[in-house]
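Going by UniProt numbering, the first residue of the sequence shown is number 1, and it counts up by one from there.
Here's the structure we're looking at; comments come further down.
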Amino acid sequence: MGSEHTLKLPVIDFTDLKLEAKSRNWETVKSQVHKALVEYGCFEAIFDSVPLDLRKALFGSIQELFDLPLETKMLNVSKKPYHGYVGQYPMVPLFESMGIDDAIVHEKVESMTNIMWPNGNPSFSKTIQSFSGQLSELDQIVRKMVLESLGLEKYLEEHMNSTNYLLRVMKYKAPQTTDTKLGLTTHSDKNTVTILYQNGVEGLEVLTKDGKWISYKPSPHTFVVIIGDSLHAWSNGRLHSPFHRVMMSGNVARYSAGLFSIPKGGSIIKAPEELVDEEHPLLFKPFDHVEFLKYYYTEQGQRDQFALRTYCGV
Ligand SMILES: O=C(O)CCC(=O)C(=O)O
Ligand SMILES: [Fe+2]
């Protein structure tokens with residue numbers, strides 16, 4: 001038992017790495033990324049291209065958003081489940097979340113902001129958009145490294161063009177007890193790559209392949225990168241998409257933000273033929289992500305921890 005508390009996610013330093021200019025340490029970091037994603041589907045990233053003052057400003061903005069009256073927050077609606085306001089769920093009463101679709105696109109962020117604040121809130125929209133834009137570089141670096149390490153650079157453009165970015169911000173109320181309460185149920189992400197950032201309150205836990213929970217110790221300097229089921233399927237199972245959850249205790253609210261790269265509707269996720277052979281039979285039939293989400297958000301899908309396998313497993 002004792003050793004479970006000392007387990008840690010791999011930490012990978014992206015300092016000085018740029019997407020365009022191939023830096024000296026690119027190959028070294030790339031092999032660390034590949035190894036971490038095969039073993040854990042997850043790692044902590046030190047990525048200083050998002051300045052600390054912007055990271056701080058982000059929490060001010062998230063707090064301001066959640067402090068709005070419930071009626072206002074509920075005006076943030078979306079056709080896509082989980083992209084608008086989510087909260088007041090009996091299963092996870094501490095949890096609330098708000099989505100900002102296409103969070104790197106100025107007009108999209110502005111229009112969401114104007115729904116929340118009809119008189120505008122320039123500092124909110126600027127903070128959300130710059131945070132998302134700057135963090136999206138990390139998503140792209142990671143995906144480029146993944147494709148290169150699988151020897152599949154030729155698919156890079158197609159792969160990058162097949163996703164959009166959603167920024168989802170989360171609040172977990174403090175349970176006001178020393179007992180541990182469920183903040184967010186155990187799940188794997190359904191998208192491509194998720195990058196999480198959070199305030200100093202602990203809670204995120206990631207399950208290892210051999211069934212041990214790793215608690216992430218929050219740091220203002222690190223982001224948590226998690227592989228979603230779509231990239232797991234595209235890589236024909238080479239990359240793991242880990243179960244994770246949020247457990248809360250104590251008296252302080254937890255705020256977090258996740259930048260999700262999400263397959264666009266109509267784009268078909270299909271493992272490249274290079275990754276399928278006798279030793280690695282195809283794990284998932286090609287699928288449209290938006291169609292898959294329709295199953296995932298049914299009552300049965302929500303109870304199914306292996307929803308993708310049920311939906312299109314071979
Ligand atoms: O708040 C967190 O750190 C985790 C959120 C999460 O797992 C999700 O939104 O998919
Ligand atoms: Fe998640």
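Beta carbons are placed, not taken as given, at the ideal position from N, Cα and C, and that holds for glycine.
Since the structure is predicted, the reported quantities are computational estimates derived from the model, not experimental observations.
Contact check, residue i vs residue j, beta carbons under 8 Å
i, j, result
"I67", "I46", "The sequence given here places Asp at residue 67; Ile does not occur at that position. Against a cut-off of 8 Å, the Cβ pair of I46 and D67 comes out as no contact."
"I104", "S136", "yes"
"M248", "G183", "yes"
"F292", "L308", "yes"
"F243", "L207", "yes"
"M145", "L65", "no"
"S132", "L167", "yes"
"K285", "C312", "yes"
"R245", "T185", "yes"
"A233", "I62", "no"
"T180", "E44", "no"
"A21", "T127", "no"
"residue 317", "S49", "Here the chain covers residues 1 to 314 and nothing more, so residue 317 does not appear."
"V169", "I195", "no"
"R238", "L150", "yes"
"V109", "I100", "yes"
"L17", "N25", "yes"
"A253", "K173", "yes"
Cβ neighbour criterion (16 or more within 10 Å) applied to residue i
i, result
"Y255", "buried"
"L75", "exposed"
"S3", "With a pLDDT of 49 at S3, under the threshold of 50, the modelled position of this residue cannot be trusted; read the value that follows with caution. Its Cβ having fewer than 16 others within 10 Å, S3 is exposed."
"F59", "buried"
"M1", "The predicted position of M1 is uncertain, since its pLDDT is 48 and thus under 50; a value taken from the coordinates is nonetheless stated next. Classification of M1: exposed, given that the 10 Å Cβ count is below 16."
"H83", "buried"
"N236", "buried"
"R143", "buried"
"P51", "exposed"
"T310", "exposed"
"A36", "buried"
"L70", "exposed"
"T73", "Note that residue 73 is Lys in the sequence shown here, rather than Thr. Buried."
"P175", "buried"
"I214", "buried"
"T298", "exposed"
"I278", "It should be pointed out that residue 278 corresponds to Glu in this sequence rather than to Ile. Answer is exposed; the Cβ neighbour count stays below 16."
"V314", "exposed"
"F260", "buried"
"K171", "buried"
Contact belief for residue i with residue j at Cβ below 8 Å, rounded distance in angstroms
i, j, result
"K212", "L7", "6 Å"
"E148", "K30", "6 Å"
"H240", "G41", "3 Å"
"R55", "P218", "About 12 Å; that fails the 8 Å criterion."
"Q140", "H106", "With 8 Å as the limit, Q140 and H106 do not qualify as a contact, their Cβ atoms being about 19 Å apart."
"K264", "S125", "Not confirmed; about 23 Å, so no contact."
"D288", "I268", "6 Å"
"L152", "E27", "Between E27 and L152 the Cβ distance is about 16 Å, and since that is not below 8 Å, they are no contact."
"L210", "N164", "Inspection of the sequence shows that residue 210 is occupied by Asp rather than by Leu. With 8 Å as the limit, D210 and N164 do not qualify as a contact, their Cβ atoms being about 34 Å apart."
"N119", "T113", "The Cβ separation is near 10 Å, so there is no contact."
One or two residues paired with residue i in a DSSP bridge
i, result
"K217", "Answer by DSSP bridge pairing: none, since K217 is not bridged."
"N164", "I262"
"A174", "According to DSSP, which records beta bridges pairwise, A174 is partnered with nothing at all."
"K181", "M248"
"F197", "Note that residue 197 corresponds to Tyr in the displayed sequence, not to Phe. BP columns for Y197 point to A257."
"L204", "V246"
"E44", "V11, V224"
"E39", "Partner(s): none; E39 has no beta bridge."
"H187", "H244"
"I269", "F287"
"M98", "V169"
Residue i: CB within 7 Å of a non-hydrogen atom of ligand 4
i, result
"M248", "Ligands in the displayed structure: ligand 1 and ligand 2; ligand 4 is not one of them."
Counting pairs of beta carbons, one from the region 184-192 and one from the region 226-236, are three or more of them closer than 8 Å? The region 184-192, when compared against the region 226-236, does touch it at the 8 Å Cβ threshold.
- When the Cβ atoms of the region 77-93 are set against those of the region 195-208, are three or more pairs found closer than 8 Å? The region 77-93 makes no contact with the region 195-208, as fewer than three CB pairs between them are under 8 Å.
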